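> Sharing a structure below in structure tokens format, with a few things to ask.
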Amino acid sequence: MDKIVKRDAFHAGLVQKTAETCRVSKRYVRMVINAERESQPVMDTYMTLLEGNNKLLKQVKELVPFN
2 MDKIVKRDAF HAGLVQKTAE TCRVSKRYVR MVINAERESQ PVMDTYMTLL EGNNKLLKQV
62 KELVPFN
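The letter at position 14 of the sequence shown is residue 15 when you use the working numbering, and the numbering goes up by one with no holes.
Given below as structure tokens:
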């Protein structure tokens, strides 16, 4: 049976926001994330956005009971 690979919209959104913020292409951001290229400003921006989203999700989970 073939494995179905789905697109990760969350990751794609972070890549797009990072590319827009740093004024580079989405491909370049993906290459930096995959360590094919080195760019500290791009990596810092990506990690800051990722950390911010994680904090937001954590706060929402604390405020809204999902049970």
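Glycine is no exception: its CB is placed at the ideal position from the N, C-alpha and C atoms. As the structure is a prediction and not an experimental result, all values here were calculated from the model.
Check isoleucine 5 in the structure and name its three-state DSSP category.
The sequence position of residue 5 within the sequence shown is 4, counting from 1. Isoleucine 5 falls in the coil class under three-state DSSP.
> With distance defined between alpha-carbon atoms, name the residue in Leu50, Ala36 and Asn54 nearest to threonine 22.
What you label residue 22 is simply residue 21 of the sequence shown in a count that begins at 1. Here the closest residue by C-alpha is Leu50.
> Confirm, please, whether the CB-CB distance from serine 40 to valine 33 is below 8 angstroms.
On the sequence shown, position 32 is the one that residue 33 refers to. On the sequence shown, position 39 is the one that residue 40 refers to. Taking 8 angstroms as the Cβ cut-off, valine 33 and serine 40 qualify as a contacting pair.
> For arginine 31 versus valine 16, is the C-beta spacing smaller than 8 angstroms?
Taking the first residue of the sequence shown as 1, we reach residue 31 at position 30. Taking the first residue of the sequence shown as 1, we reach residue 16 at position 15. Taking 8 angstroms as the Cβ cut-off, arginine 31 and valine 16 qualify as a contacting pair.
> Please state the DSSP three-state secondary structure of proline 66.
In the sequence shown, counting from the first residue as 1, residue 66 sits at position 65. Residue state, collapsed to three classes: coil.
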